[in-house]
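Okay, structure first, notes after.
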Amino acid sequence: MRRRRTRPYIAAREPGADHDVLASAMIAWRGPVEALLTLSLRGLARRCPAAFARLGDHQASTYLLAPADMPIAFTLAPHPQHGAIRVVRRGAAGVHIARVSAPLVDLLALFDGSLDADAAFFCRSIHVEGDVGAVMALHNALESADLRLVDLLPLPAGHDAANAILARLMRAARRRPASGWA
Amino acid sequence: MLRAAVEAGADSVYCGLRDETNARNFPGLNFDRAELIEATRWAHERGARVLVAINTFARAGQTDLWKRSVDTAVAAAADAIIAADLGVLAYAHQAHPRARLHLSVQAAANSSDAIRFYAEAYGVKRVVLPRVLSAPEIAALIKETPVEIEAFVFGGLCVMAEGRCALSSYATGRSPNLSGVCSPPEAVTFDRSPEALTTRLGGLAIDRLGPGDSAGYPTLCKGRFDAFGQTDYLFEEPVSLNAMGLLAALRTAGVRAVKVEGRQRGKAYVARVAAAFRAAIDALDRGDDTTRFERQLTDLAEGGRETAGAYRKAWR
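Respectively, the protein sequence lines represent chains A and B. So the number in this note's numbering is just where the residue sits in the first sequence, counting from 1, plus 5. No gaps in the numbering here: position 25 of the second sequence is 6 in this note's numbering, and each next residue is one more.
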């Protein structure tokens, strides 16, 4: 495969975010969340190697996923063997290939493919900055894996009941008024 | 997306290999050889067909990649190869005489003479018509055509002569015809400020959107530009083809299959569009009215706007 130079995208600091009490609490308790999500990510890499292969060079990239309604964000390094998800302060500077921000429920709906990414982008529900090709590779890889919400948890394959509960929670969350952090 | 289409009722699904031999060569979108074999097996178990797009134009002196793609598609037991390049068609016809060949819209064959040439020279069994003919023109063409005709009914429109667009290559050095990608994502940037979102392609500003404006993927043909003191679309406005209201007419004209554009779109889009057209065609089979399906997909249309395009040439 021809190597392609990827452009790092350096996020600017967002004023005012550093002093948020809720963000501090979430950061303080990030350990278990990071461990759980990283375990899930690596389990997915074992179950869906073809999906991770679609990332190509971007297996070595780091993405920033920023829920618009939370004071924290997530970095995603989708390496098939050493992948990791970290919780970071929303305003923290960092080097990442691209930034995707949207309400949390929309990010989750993009994860399981229930939200059409193009339609969400057209109506400005999601925002993309940085390397658009990297974001496209991630989106297409996720779509090819046919993921469900329950795949965010490090459970063995199956668990229809757990997925049904998560899907119901997400439908309820979509009916609540949106709140924005940006 | 292939599974979503089949589960939603699609009879056939297009796909491509992970290289520039297909006109949707976007990062992470396409199949490698092993995935294609598995996807074809999965689709066949459910009674669906897999059509492999090898529909870009092979580079002179580097045609081996296109030949290998043809060989891969045949080895995967794909139901048809859809191609546009004469050399690719010739190779497929000679090396795999039993392989079914379809002619891509990229060949822009819009006359019975052109279609007859491809049928006689390469054994093409089906032709995808370019989106330039009216419904009566299609009916007249089919009367003189010995092969099956497939027509687009939903999705993005390409205002250029199909297979011959130079806009993307002008802005980025890569084109849908040769590289399989229109407006490649690595050339796209979205610059956000409190006042506006500026979309750029190859550094060229394609559009500048206010906070309430809907966005689009920056292609030169759908950009807005300043000219004579006005800012407006120069080539075409963001709009999607929706020929749901013409299904009966297309069937009467003899169209054998209808095609949904959007292989690069996600599962949610694919499933909804496939399901809507499945339901409409089944209703047509029963002799039911299909009017209720005509507005079901408006929210998926580019810019929220739909058109029957050249099928109803209202501007003449």
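Glycine residues also receive a C-beta, built at the ideal position from the N, C-alpha and C atoms. Treat the numbers as computed from the prediction; the structure is a model and nothing was measured.
### Query
What residues of chain A sit near B:Lys248, judged by a beta carbon separation below 7 Å?
Gly118, Glu148
### Exposed unless 16 or more other CB atoms sit within 10 angstroms - verdict on B:Gln245
Counting C-beta atoms within 10 angstroms of its own C-beta, B:Gln245 has 16 or more neighbours from the protein chains shown and is therefore classed as buried.
### Task
Determine the direct distance from the alpha carbon of B:Val251 to that of B:Ala(-15), and round the result to whole angstroms.
Roughly 7 Å between the two C-alpha positions.
### Residue closest to B:Asn158, alpha-carbon to alpha-carbon, out of B:Val55, B:Leu185, B:Val86
The shortest C-alpha separation from B:Asn158 is found at B:Val86.
### Message
Rounding to the nearest angstrom, what Cα-Cα distance links A:Glu39 and B:Ala261 in this structure?
### Response
47 Å
### Chain-ordered neighbours of A:Met31 on chain B, where CB pairs are closer than 7 Å
Ordered by position in chain B, no residue passes the 7 Å Cβ test against A:Met31, which lies about 25 Å from the chain.
#### Entry: Test item: CB-CB of B:Tyr99 and B:Leu84 under 8 Å
yes
### Query
Thinking C-alpha only, which one of B:Cys202, B:Gly193, B:Gly191 is nearest B:Leu182?
B:Cys202
### Query
If we count the other Cβ atoms within 10 Å of its Cβ and call it buried at 16 or more, is B:Lys240 buried or exposed?
buried
### Task
Starting from the N-terminal side, write out each stretch of the beta strand (DSSP E) that is 3 residues or longer and does not extend beyond the segment 121 to 190 of chain B.
129 to 137, 169 to 173, 178 to 182, 185 to 190
#### Entry: Contact with chain A by B:Asp280, beta-carbon distance below 8 Å
yes
### Query
Would you say the segment -10 to 4 of chain B touches the segment 46 to 59 of chain B, given that touching needs at least three Cβ pairs under 8 Å?
yes
### Task
Could you check the C-alpha separation between B:Ala120 and B:Thr279 for me, to the nearest Å?
27 Å
### Query
What number of angstroms, rounded off, separates the C-alpha of B:His74 from the C-alpha of B:Val169?
B:His74 and B:Val169 have their C-alpha atoms spaced approximately 38 Å apart.
### Query
Could you give the uninterrupted runs of the alpha helix (DSSP H) lying entirely in the segment 117 to 146 of chain A, keeping only those of 4 residues or more?
122 to 127
### Query
Should the segment 141 to 151 of chain A be regarded as contacting the segment 283 to 297 of chain B, the criterion being three or more beta carbon pairs within less than 8 Å?
Inter-segment contact for the segment 141 to 151 of chain A and the segment 283 to 297 of chain B is absent: fewer than three beta-carbon pairs are separated by less than 8 Å.
### Query
Using the rule of at least 16 other Cβ atoms within 10 Å of the residue's Cβ for burial, across every protein chain shown, is B:Thr272 buried or exposed?
exposed
#### Entry: Sufficient close CB pairs (3 or more, under 8 Å) joining the segment 56 to 69 of chain A to the segment 101 to 111 of chain A
yes
#### Entry: Helix, strand or coil at B:Asn223 according to DSSP, with G and I counted as helix
strand
### C-alpha gap between B:Arg30 and B:Trp23, whole angstroms
10 Å
### Task
Could you work out which residue in B:Ala90, B:His77, B:Leu190, B:Asp(-8) is closest to B:Arg112 when comparing CA atoms only?
It is B:Ala90.
### Query
Does the beta carbon of B:His77 fall short of 7 Å from some heavy atom of the ligand COA?
For the ligand COA, the structure offers nothing, since it holds no ligand at all.
### Query
Which residue or residues does DSSP assign as beta-bridge partners of B:His83?
In the DSSP output, where bridge partners are listed per residue, B:His83 has B:Ile63, B:Arg107.
### Message
Just verifying my parser: in three-state terms, what is the DSSP assignment at B:Ala289?
### Response
Judged by DSSP in its simplified three-state form, B:Ala289 adopts coil rather than helix or strand.
### Query
Apart from the five residues on each side of it in sequence, which residues of its chain come closer than 6 Å, Cβ to Cβ, to B:Asp172?
Result list for B:Asp172: Thr179, in chain order.
### Task
Hey, could you find the ends of the beta strand (DSSP E) A:Arg82 is sitting in?
It is Ala, not Arg, that sits at residue 82 of chain A in the sequence shown. Where A:Ala82 is concerned, the enclosing beta strand (DSSP E) stretches over 77 to 82.
### Message
Please list, in chain order, the chain B residues whose beta carbon lies closer than 8 Å to that of A:Gly61.
### Response
Pro8, Gly9
### Message
So if I threshold CB-CB distances at 9 Å, which residues from the segment 15 to 28 of chain B count as touching chain A?
### Response
Ala15, Glu16, Glu19
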